[in-house]
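Engineer: Numbering (my numbering), first residue to last: 12 to 329.
Take a look at the following structure, please.
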């Protein structure tokens, strides 16, 4: 957000609040009639974040969130100090659909640029292979990893470009209909999206820690200093259990606030995996090497099912 004179920012806040009650007042407040933007519909609920464009300030965008402002006194004051500021809202959409959210992200990613980048990597691999063996390129390996990394770097650069163009106002000046201008990525601020990301991170971390417990002997021989190698299998299992419990707390906490039935289903789906973790911790204490491998394999397999169920339940609560 670019820096603005204080009266511009306050005027933008006032107009946003005035527009949110546009249909209710029907322009009864004559003192604000010169500041009310021409809207066919009001803003969304004032608790949302909105973006206003200050036409008189070079297309600058201002973000605000439901400021508690005395409209009458502020408008009358700034009407005297800056009477010719023309303020109107930037394009905005009420965005509550994940398919449309994904469509906005895909549009910003410009996937059509991925294929040429990947083709250059494969072409370079073919040249590096002596321009003779095409079959080597069809096997997973360094070429495929390089192509995937190139694609991810390309997509990241496209997203970064859109973000900087949005913040600088270039997209609006050039008349682009970027998903950022239209609110197409608003779900990134949704608590459900953040919860799913944290849930995935903690579940995958728990799974990897359990796998490290199973690889303790080989890791120690190879000099790999994992948590399980340094502090023992029981500490590794206990840490994995805490990560899993934190992920489940996020899952149950969000579901309990939205749907009691889904919270119950999510809670019941967690019990078998927690029981397996407890069983593994006891086996490590008793040094039962044969049963440890079996328990670890069961936990690794069940954790993927648990992650899938958690994502589906969280998505249904969105």
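By construction, the Cβ of each residue, glycine as well, lies at the ideal position given by its N, Cα and C atoms.
Here the structure is a predicted model, which is why all the values come from computation and not from measurement.
With a 10 Å radius around its C-beta and 16 neighbouring C-beta atoms as the bar for buried, classify residue 218 as buried or exposed.
Structural biologist: Residue 218 comes out buried.
Engineer: Less than 8 Å between the CB atoms is what I'm expecting for residue 279 and residue 314, so what's the real figure, rounded?
Structural biologist: No, residue 279 and residue 314 are not in contact; Cβ-Cβ is about 16 Å, not under 8 Å.
Engineer: Check whether the segment 290 to 299 touches the segment 258 to 265, taking contact to mean three or more Cβ pairs, one atom from each stretch, closer than 8 Å.
Structural biologist: Output reads no: the segment 258 to 265 does not touch the segment 290 to 299.
Engineer: Kindly list the residues whose CB is nearer than 7 Å to the CB of residue 158, restricted to its own chain and excluding five residues on each side of it in sequence; keep chain order.
Structural biologist: So the list reads 129, 132 and 133, once near-sequence residues are dropped.
Engineer: Could you give the distance in angstroms between the alpha-carbon of residue 205 and the alpha-carbon of residue 308?
Structural biologist: Their backbone Cα atoms lie some 29 Å apart in a straight line.
Engineer: Measure the beta-carbon distance from residue 311 to residue 228 and round it to whole angstroms, keeping in mind my assumption that it falls under 8 Å.
Structural biologist: That belief does not hold up - the Cβ atoms of residue 311 and residue 228 are roughly 17 Å apart, past 8 Å.
Engineer: Who are the near neighbours of residue 240 in its chain, counting only those whose CB is closer than 7 Å to its CB and skipping five residues on each side?
Structural biologist: If we look at residue 240 and ignore the five residues flanking it on each side, its Cβ neighbours are 227, 230 and 231.
Engineer: Grab the span of the alpha helix (DSSP H) containing residue 172 for me, first residue to last.
Structural biologist: Taken as a continuous stretch (DSSP letters only), the alpha helix (DSSP H) holding residue 172 covers 153 to 179.
Engineer: Going by DSSP in three states, residue 321 sits in which element: helix, strand or coil?
Structural biologist: In the structure shown, residue 321 sits in a helix (DSSP, three-state: H, G or I).
Engineer: Do residue 255 and residue 246 have their C-beta atoms closer together than 8 Å?
Structural biologist: In this structure, residue 246 does not lie closer than 8 Å to residue 255 by Cβ.
Engineer: With DSSP run on the structure shown, which of helix, strand or coil describes residue 204?
Structural biologist: Residue 204: helix per DSSP, three-state reduction.
Engineer: Is residue 210 closer than 8 Å to residue 321 when the C-beta atoms are compared?
Structural biologist: The answer is yes: Cβ separation under 8 Å.
Engineer: What residue range does the alpha helix (DSSP H) around residue 139 cover?
Structural biologist: Segment 125 to 139, the alpha helix (DSSP H) holding residue 139.
Engineer: On a Cα-Cα basis, can you pick out the residue from 214, 287, 250 and 297 that is closest to residue 259?
Structural biologist: The shortest C-alpha separation from residue 259 is found at 214.
Engineer: Among 136, 167, 297 and 172, whose alpha-carbon lies nearest the alpha-carbon of residue 156?
Structural biologist: Of the listed residues, the one whose Cα sits closest to residue 156 is 136.
Engineer: From 223, 250 and 207, pick the residue whose C-alpha is nearest to that of residue 323; which is it?
Structural biologist: Nearest C-alpha to residue 323: 207.
Engineer: Give the C-beta separation of residue 120 and residue 166 to the nearest angstrom, bearing in mind that I take them to be a contact with Cβ-Cβ under 8 Å.
Structural biologist: Confirmed, about 5 Å.
Engineer: Use the C-beta contact count for residue 138: other C-beta atoms within 10 angstroms, 16 or more gives buried, fewer gives exposed.
Structural biologist: So residue 138 ends up on the exposed side.
Engineer: Which same chain residues, not among the five before or five after residue 169, have their C-beta less than 6 Å away from its C-beta?
Structural biologist: Closer than 6 Å at Cβ, skipping near neighbours: 120 and 121.
Engineer: Relative to the C-alpha of residue 248, which residue among 282, 162, 180 and 225 is closest?
Structural biologist: Checked all of 282, 162, 180 and 225; the closest Cα to residue 248 is 225.
Engineer: Could you compute how far the alpha carbon of residue 244 sits from the alpha carbon of residue 181?
Structural biologist: Their Cα atoms are separated by approximately 55 Å.
Engineer: When you compare only the Cα positions, how much space is there between residue 116 and residue 172?
Structural biologist: Spanning the two alpha carbons is a distance of roughly 13 Å.
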